[in-house]
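Engineer: To start, I am sharing the structure in question, which I have written as structure tokens.
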Amino acid sequence: MARARVAVLRTTPRTVFEDYHRLLHLAGYQQALAPRTDTALKINISWHFFYPASSTTPWQLDGVIRAMRADGWDPAHLHACHNRTVVIDAHLGERENKHLPVVESHGLRNVHLYEGEEWVHVRDAVGELADRFLVLNEVYPEGFSIPKRFIGENIVHLPTVKTHVFTTTTGAMKNAFGGLLNERRHWTHPVIHETLVDLLRIQKRIHPGIFAVMDGTFAGDGPG
């Protein structure tokens, strides 16, 4: 099995976009993502308003989009992607965290998964893999649904460096938590580590390419 490649760069406000471009190449993003394929840029919003380390940063989102476009990615194949929670207003969050101006400046689609998007039962999406889940069948005896649009799409997770009350640290693995499970995902907190393994297996089944770009401008220390 191929091993993931990890790259870390120190940046400055003056060079951040060039550094993001370099970072993506050091980590081998073009080898990780399927070319000419719809690609979801999975934005993380942990609070409506800007708070250091809490949510995807605008320079992180902008840097990734600029890098991909410079490498020939068709903007028509890229879209921002948002989930929702019981406590966060994603529309307010994308404005207050300055995501929306970035998305609009590049002319990308802006997808809110809970608005006009079809969801399908997980067994219809992953087949027999569902029989081998570590814990999700126990947490959701009747199963659960995932966004249909994710099937066949690349996904690029955009987390930040921060701690979390349940997962200790949070990042790309935890970012999938919001995209694949609905508002009742808090049911999995007692078995969160096994849940994240199950979600990674789902991702590997439905996405032709998976990549993550984490911003560490701030390191968040708190409940996450």
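In this text, residue positions in the sequence shown follow this note's numbering: the first is 17, and each later residue adds one.
Here a beta-carbon is modelled for each residue, glycine too, at the ideal position from N, C-alpha and C.
Shortest alpha-carbon distance to residue 44 belongs to which of 99, 24, 96?
Structural biologist: It is 24 whose Cα lies nearest to the Cα of residue 44.
Engineer: Is residue 103 buried or exposed, if buried means 16 or more other CB atoms sit within 10 Å of its CB?
Structural biologist: So residue 103 counts as exposed.
Engineer: What do you reckon, are the CB atoms on residue 197 and residue 160 nearer than 8 Å?
Structural biologist: Taking 8 Å as the Cβ cut-off, residue 197 and residue 160 qualify as a contacting pair.
Engineer: Let's see if you can read the secondary structure: which residues bound the beta strand (DSSP E) around residue 56?
Structural biologist: Run containing residue 56: 55-59, per the beta strand (DSSP E) assignment.
Engineer: Between which two residues does the alpha helix (DSSP H) harbouring residue 220 extend?
Structural biologist: Its alpha helix (DSSP H) spans residues 208-222.
Engineer: Throw me the rounded Cβ distance for the residue 230 and residue 212 pair, which I believe falls under 8 Å.
Structural biologist: Contact doesn't hold; Cβ gap of about 16 Å is too wide.
Engineer: Comparing alpha-carbon positions, which option in 150, 205, 42 lies nearest residue 83?
Structural biologist: If we check each option's Cα against that of residue 83, 42 comes out closest.
Engineer: I'd like the span of the beta strand (DSSP E) that includes residue 170, first residue to last.
Structural biologist: 170-174 is the span of the beta strand (DSSP E), which, as asked, contains residue 170.
Engineer: Run the CB neighbour count on residue 3, radius 10 Å, all protein chains shown included, and call it buried at 16 or more, exposed below.
Structural biologist: Here the chain covers residues 17 to 240 and nothing more, so residue 3 does not appear.
Engineer: For residue 21, collect the residues of the same chain with a Cβ closer than 7 Å to its Cβ; drop the 5 residues on either side in sequence, then sort them by chain order.
Structural biologist: Cβ within range, chain order: 43, 44.
Engineer: Quick check: the Cα distance between residue 179 and residue 185, rounded to an integer number of angstroms?
Structural biologist: Rounded to whole angstroms, residue 179 to residue 185 spans 4 Å at the Cα level.
Engineer: Does the beta carbon of residue 238 fall short of 7 Å from some heavy atom of the ligand GTP?
Structural biologist: Within the structure as shown, the ligand GTP is missing, as the structure has no ligands at all.
Engineer: Determine the burial state of residue 169: buried for a count of at least 16 other Cβ atoms within 10 Å of its Cβ, exposed for fewer.
Structural biologist: Under this definition residue 169 is a buried residue.
Engineer: In terms of residues, what are the limits of the beta strand (DSSP E) holding residue 162?
Structural biologist: That run of the beta strand (DSSP E) goes 161-163.
Engineer: Confirm, please, whether the CB-CB distance from residue 87 to residue 46 is below 8 Å.
Structural biologist: Yes; because the gap between Cβ atoms is below 8 Å, this pair is in contact.
Engineer: Leaving out the 5 sequence neighbours to the left and right, which residues in its chain are closer than 6 Å to residue 109 when beta-carbon positions are compared?
Structural biologist: Correct list, in chain order: 61, 64.
Engineer: How many Å lie between residue 56 and residue 28 at the Cα?
Structural biologist: Cα to Cα, the separation comes out at about 27 Å.
Engineer: Residue 227 CB to nearest chain D CB: under 8 Å?
Structural biologist: In the displayed structure, chain D is absent; only one protein chain is listed.
Engineer: Which residues does DSSP list as the beta-bridge partners of residue 236?
Structural biologist: According to DSSP, residue 236 bridges with 178.
Engineer: So for residue 50, helix, strand or coil by DSSP?
Structural biologist: If DSSP states are grouped into helix, strand and coil, residue 50 belongs with coil.
Engineer: Kindly indicate which three-state DSSP category residue 127 falls into: helix, strand or coil?
Structural biologist: Reduced to three states, the DSSP call for residue 127 is strand.
Engineer: Determine the closest residue to residue 39 out of 51, 26, 121, with distance taken between C-alpha atoms.
Structural biologist: Nearest of 51, 26, 121 to residue 39, Cα basis: 26.
Engineer: Mind checking whether residue 91 and residue 122 have CB atoms under 8 Å apart?
Structural biologist: Contact: yes.
Engineer: Measuring only the C-alpha atoms, how far is residue 72 from residue 107?
Structural biologist: For residue 72 and residue 107, the distance between alpha carbons rounds to 14 Å.
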